[in-house]
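When you line the sequence shown up against the numbering used here, it's residues 43 to 199, in that order. Backbone N, C-alpha and C define an ideal beta-carbon position, used for all residues, glycine too. As the structure is a prediction and not an experimental result, all values here were calculated from the model.
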Amino acid sequence: MCYFGNYDSNAETGRCHWVWVCHPGAAVKAFGYLRDKLCLLACSLYALNRWGLKPRVHSAFLHDHFNDVLLIPCALPVLLLLQRILKLREHDLPPTPGEIALYLVVWSILFEVIGPRIMPHAVGDPWDVVSYFAGGILAGVWWHRDALLAGWAHHGL
Numbered sequence: 043m044c045y046f047g048n049y050d051s052n053a054e055t056g057r058c059h060w061v062w063v064c065h066p067g068a069a070v071k072a073f074g075y076l077r078d079k080l081c082l083l084a085c086s087l088y089a090l091n092r093w094g095l096k097p098r099v100h101s102a103f104l105h106d107h108f109n110d111v112l113l114i115p116c117a118l119p120v121l122l123l124l125q126r127i128l129k130l131r132e133h134d135l136p137p138t139p140g141e142i143a144l145y146l147v148v149w150s151i152l153f154e155v156i157g158p159r160i161m162p163h164a165v166g167d168p169w170d171v172v173s174y175f176a177g178g179i180l181a182g183v184w185w186h187r188d189a190l191l192a193g194w195a196h197h198g199l
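1) Start and end of the alpha helix (DSSP H) containing E154?
2) From the DSSP output, in three-state form, read off E141 for me.
3) Taking a contact to mean a Cβ-Cβ separation below 8 Å, would you say S150 touches V120 in this structure?
4) Is A153 buried or exposed, if buried means 16 or more other CB atoms sit within 10 Å of its CB?
5) Can the beta-carbon of A181 be found closer than 8 Å to that of I114?
6) Does the Cβ of G140 have 16 or more other Cβ atoms within 10 Å, making it buried, or fewer, making it exposed?
7) Classify H186 as helix, strand or coil using the three-state DSSP reduction.
8) Taking only the alpha-carbon atoms, compute the straight-line gap between P162 and G198 and give it to the nearest angstrom.
9) Going by other Cβ atoms of all chains shown within 10 Å of its Cβ, with 16 needed for buried, is P137 buried or exposed?
10) Tell me which same chain residues have a C-beta within less than 8 Å of the C-beta of A176, skipping the five on either side of it?
11) Helix, strand or coil, according to DSSP, for F73 in the structure here?
12) Buried or exposed, going by whether 16 or more other CB atoms sit within 10 Å of the CB of L118?
13) Where does G67 sit, in a helix, a strand or coil, going by DSSP?
14) Between L122 and Y75, which are expected to be in contact by the criterion C-beta below 8 Å, what is the C-beta distance as a whole number of angstroms?
15) Let me know the alpha helix (DSSP H) ranges lying completely inside the region 101 to 145, each 4 residues or longer, listed in chain order.
Here is the structure:
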């Protein structure tokens with residue numbers, strides 16, 4: 043577990059320095075990949091929306107952006123599991139902020155810039171990118187909620 047901590051480096055002067063403190067022995071729960079609760083929930087919501095709600099409910103959000111919000115929680119665990127199997131990912135921690143950000147950028151460019159240029163009926167939509175990022179941020183907060191809560195508790199928030 044890592045957090046910012048106040049470290050007194052000089053007892054005589056009382057000067058304090060903020061440092062990044064890591065406890066390598068802290069227990070960290072392994073990421074569940076396809077068994078991750080958020081992944082399972084997001085995939086279930088995707089299926090419910092795709093085959094249950096969209097044909098029956100006339101909502102612009104459900105038709106145009108709801109499934110886009112689910113991109114990161116649905117697709118990233120699958121991709122990271124594939125990377126782990128291929129030994130391209132060296133740990134079983136939850137997706138890092140860097141991994142989430144990388145795939146948000148890659149998929150946004152792929153789906154909203156390149157895709158519409160090579161697929162005849164595809165249309166790039168900047169609001170899809172906003173939806174991808176909203177889902178990515180929410181997923182990242184969920185996957186790192188324990189560390190965030192511990193950091194807030196440590197700082198009395």
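By the coordinates alone:
1) For E154, there is no enclosing alpha helix (DSSP H), since its DSSP letter is neither H nor E.
2) helix
3) For the pair S150 and V120, the CB atoms are not nearer than the 8 Å cut-off.
4) Before going further, note that residue 153 is Phe rather than Ala in the sequence given. So F153 ends up on the buried side.
5) Contact check for A181 against I114 passes: the beta carbons are separated by less than 8 Å.
6) exposed
7) coil
8) 54 Å
9) Looking at its Cβ environment, which holds 16 or more other Cβ atoms inside 10 Å, P137 is buried.
10) V111
11) coil
12) buried
13) Note on G67: pLDDT 43, under 50, position unreliable in the model; the coordinate value appears next. Note: G67 maps to coil in three-state DSSP.
14) Yes, L122 and Y75 are in contact; Cβ-Cβ is about 7 Å, under 8 Å.
15) Segments of the alpha helix (DSSP H) lying fully in the region 101 to 145: 102 to 106, 108 to 111, 113 to 127.
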